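One structure is given here, and the rest of the page talks about it.
Residue numbers (this note's numbering), protein chains in the order written: chain A, 72 to 466; chain B, 72 to 466.
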């Protein structure tokens, strides 16, 4: 066995990034063999071993020859440049560990960390994830579950939090819609390619999320969901967010898998109670009898997940110096008056950007501690005003 | 100020008992002055000071002359022998600290311990209280709340637990009825005299509880409820039981007062969740966001309150030697075969007692660890069988 290259997994060079993009077609989410090889050899080297013209099974230790053969078949078929072009065609990109946009929370997954993420939408995933909460639950939810999920989506968005969910029917869809309805930020984590619409009935919803928010996933363009991909997708939702709220779930449901992943990762797990007589609340109540915290509205969620103190704007101020912001974000920030709140439309006009672009930037600036949201209005945080005054030589 | 008599408060002599009965007419539940004097002087001495023909205010320290005068007026009007006769006329009695039947859990109330309790019904309060759970909640409950309360009442009764509540409309009534419907044991703690029917609409229910269970309270015969008496009654419910389950409660409701008393007394506090959209579940959810444990059925309640280990028959065996049981309980115990479960009707025939009397005794024997209940049937615990064999010289 050759020596592993030092820090190979964290290189962000173009060769490594393209190799990681290729490997998303070769290694399934949660595949232990593939994950170990990746950590051991790095992406480019692993891809080279898988596609070597002169196959050497000893170069891929721990798997049966038959298994190695199936990896080789997939590797031979992989065409990362085509995939990167396909995702670019729908306004997307591929990000991987070491990238500036990589959400480092995902590193908490250890060996189960995604190889990379395919991302559709303008906003910066890393900053959005900093102030995000997952809202998940039953596909076949009751009107009560849909009502609670939409209310949480709206309430979290109004308080400047990013709503993460799985774009499924039922609770997921209601949570996304609630956030969108409030002109808020939302991220859909798919169990398929980000250019694949699943479920079909959510074509319009997923399109709107890609416009106003982010659609992300581990699977390469064109790939379809499978039962195991759904289950493994849940760990990404859990790891990405500060906490997971379960709204209606039967015993042993996928939402509880997300909640338990969140628990193991040290994230907050929360549940919305319902009638004991409803089987769709039984899973939530089971969670609440364990480590889960009972929540009844967005305020109670924010009280819990905002508790970490990290990045709370009033206490710590911006986490980035203003001068490190990019050009567009700086223009958006400059379009907010020193005093009082203004709506996103007015900020967009002042900054000379589109409303969707502006909203994405505002959520980033919120995550970074520069702005706060109050209902429909956005205003500078006190520390952002101080920073601005200092820069301008003001008091 | 005279020296307090040593241990005066715990004397069980006839003079002291009659004086305590009289004082339930003079000192309101929760009255701090009266409670302090009682602890300091003992009941007979306090009554003597209150009814002295030559009034001496310095003998009653800490209260204004006007206040003392009002105590004296009530003390002069008290006629404990008439009250004791009145309660005896409805099949009742008066018990006080130091009595064999006194539930010593009430001593956890410290200075707020009741002066004594007026009791209607055959069963022994002390042994019943050992395995009891309070089920309380909103008067104006929803059909959901009534359903859950009745289900808990039935489920707890079927598992051999005594259901304690306040005989009010709504949740209380449903809990009592659920226990009665299962042929189970239930205790109504009233905020009025035990011969007073309140609420009037529960005349038949309270009558059935007095027949099949126990109706108890701090107030002397004929006394009516007041708002403060309702609130102070709740501390008795909390202290008497191993835990309190709240089924539907609005913010700041009386049921939450009971739950908080239970918490302060180190008892288990539990709540049955409901729809967040129902104001009648808001108080319960508040409780569950604090120290309260979410429960959805009787099994979960028993799992929690039975956890203390104390008296769990399988582990510890009977707490009383069989020879200390009274004549009727011994007959009931002897009517149960060494193997297998039988219903209460057959035991009653074997013991030559009435079905109600038998059921009361069975719950006592259950509390004492001699018998277990399985659905409709009663059977001897393993340790009761061992004790019996040993006594009979068997294996």
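Glycine included, every Cβ here is placed at the ideal spot set by N, Cα and C. Please read all numbers here as calculations on a predicted model, not as lab measurements.
Which partner residues does residue 205 of chain B have in the DSSP bridge list? The partner list for residue 205 of chain B (beta bridge, DSSP) reads B/235 and B/315.
Under 8 Å, Cβ to Cβ, is there at least one residue of chain B near residue 359 of chain A? True, the Cβ-Cβ gap to chain B drops below 8 Å.
Using CA coordinates, which residue listed in B/296, B/423, B/404 and B/430 is at the minimum distance from residue 415 of chain B? Here the closest residue by C-alpha is B/430.
Give the C-beta separation of residue 254 of chain A and residue 290 of chain A to the nearest angstrom, bearing in mind that I take them to be a contact with Cβ-Cβ under 8 Å. With a Cβ gap of about 29 Å, residue 254 of chain A and residue 290 of chain A do not count as contacting.
Minimum C-alpha distance to residue 316 of chain B - residue among B/209, B/407 and B/156: With distances taken between Cα atoms, residue 316 of chain B lies closest to B/209.
Chain-ordered neighbours of residue 219 of chain B on chain A, where CB pairs are closer than 7 Å: Within chain A, the residues 347 have their CB atoms less than 7 Å from the CB of residue 219 of chain B, given in chain order.
Best match in A/283, A/184, A/302 and A/144 for proximity to residue 123 of chain A [C-alpha to C-alpha]: Considering only alpha carbons, the answer is A/144.
Just verifying my parser: in three-state terms, what is the DSSP assignment at residue 268 of chain A? Three-state DSSP puts residue 268 of chain A in coil, outside helix and strand.
Residues that residue 356 of chain B contacts on chain A, provided the C-beta gap is smaller than 8 Å: Simply 344, 365 and 367.
Please check the pair residue 407 of chain A and residue 451 of chain A, which I expect to be a contact at CB under 8 Å, by giving their CB distance rounded to whole angstroms. Right, the Cβ-Cβ distance comes to about 5 Å (below 8 Å), so this counts as a contact.
Stretch pair the stretch 330-348 of chain A + the stretch 359-374 of chain A: three plus CB contacts closer than 8 Å: Touching, yes.
Which of the three DSSP states, helix, strand or coil, is assigned to residue 295 of chain B? The three-state secondary structure of residue 295 of chain B, taken from DSSP, is coil.
Given 8 Å, three or more beta-carbon pairs between the stretch 89-102 of chain A and the stretch 137-156 of chain A: Short answer: they touch.
Residues from the stretch 265-290 of chain B in contact with chain A, defined by Cβ distance under 7 Å: Going along the stretch 265-290 of chain B in chain order, one finds no residue with a Cβ nearer than 7 Å to chain A.
According to DSSP, is residue 396 of chain A helix, strand or coil? Three-state DSSP puts residue 396 of chain A in coil, outside helix and strand.
By a C-beta neighbour count over all protein chains shown, 10 Å radius and 16 as the cutoff for buried, is residue 259 of chain B buried or exposed? Its Cβ being crowded by 16 or more others within 10 Å, residue 259 of chain B is buried.
Kindly give me the distance between the Cβ atoms of residue 206 of chain B and residue 234 of chain B, rounded to whole angstroms, as I take these residues to be in contact under 8 Å. Separation of the CB atoms of residue 206 of chain B and residue 234 of chain B is rounded to 6 Å, and the pair is thereby assigned contact status at 8 Å.
According to DSSP, residue 341 of chain A sits in a beta bridge with which residue or residues? Under DSSP, residue 341 of chain A forms a beta bridge with A/316 and A/364.
Residue 429 of chain A - containing alpha helix (DSSP H), residue span: Counting along the chain, residue 429 of chain A sits inside the alpha helix (DSSP H) bounded by residues 426-438.
Between which residues of its own chain and residue 87 of chain B is the CB-CB distance below 7 Å, once the five residues before and five after are set aside? When the five nearest sequence neighbours on each side are left out, the beta carbons in the same chain lying within less than 7 Å of the beta carbon of residue 87 of chain B are those of 113, 114 and 115, in order along the chain.
What does residue 215 of chain A touch in chain B if you count any residue whose Cβ is under 9 Å from its own? Under the 9 Å cutoff, chain B gives 346, 347 and 348.
With respect to the alpha helix (DSSP H) encompassing residue 104 of chain A, which residues constitute its N-terminal and C-terminal limits? Run containing residue 104 of chain A: 103-112, per the alpha helix (DSSP H) assignment.
Which residue's Cα is closest to the Cα of residue 398 of chain A: A/423, A/313, A/117 and A/427? Nearest C-alpha to residue 398 of chain A: A/423.
Answer yes or no: do residue 158 of chain A and residue 292 of chain A have a C-beta to C-beta separation smaller than 8 Å? In contact: residue 158 of chain A and residue 292 of chain A (Cβ atoms closer than 8 Å).
Beta-carbon separation of residue 427 of chain B and residue 193 of chain B under 8 Å? Contact flag set, yes.
In chain order, what residues of the same chain have a beta carbon less than 6 Å from the beta carbon of residue 105 of chain B, not counting five sequence neighbours either side? Shown here for residue 105 of chain B: same chain residues with a beta carbon closer than 6 Å to its own, the five before and five after excluded, namely 98 in chain order.
List the endpoints of the continuous alpha helix (DSSP H) containing residue 144 of chain A. Bounds of the alpha helix (DSSP H) holding residue 144 of chain A are 136-148.
Out of curiosity, what's the CA-to-CA distance linking residue 238 of chain B and residue 287 of chain B? Whole-angstrom Cα-Cα distance: 11 Å.
Using 8 Å as the threshold, is the stretch 128-139 of chain A in touch with the stretch 182-201 of chain A, meaning 3 or more CB pairs across them? No: fewer than three Cβ pairs fall under 8 Å.
What are the boundary residues of the alpha helix (DSSP H) that includes residue 225 of chain A? Counted as a single uninterrupted DSSP element, the alpha helix (DSSP H) harbouring residue 225 of chain A occupies residues 214-229.
For residue 450 of chain A, list the residues DSSP reports as bridge partners. Beta-bridge analysis with DSSP links residue 450 of chain A to A/443.
Count the other C-beta atoms from every protein chain shown that fall within 10 angstroms of the C-beta of residue 182 of chain A, then say buried if there are 16 or more, exposed otherwise. In this structure residue 182 of chain A is exposed. Its beta-carbon is surrounded by fewer than 16 other beta-carbon atoms within 10 angstroms.
Mind checking whether residue 247 of chain A and residue 201 of chain A have CB atoms under 8 Å apart? Taking the C-beta atoms as reference points, residue 201 of chain A is found no nearer than 8 Å to residue 247 of chain A.
For residue 411 of chain B, which three-state DSSP category applies? The answer is coil: DSSP assigns residue 411 of chain B none of H, G, I, E or B.
So, residue 199 of chain B versus residue 285 of chain B, is the Cβ gap smaller than 8 Å? With contacts defined by Cβ atoms closer than 8 Å, residue 199 of chain B and residue 285 of chain B form a contacting pair.
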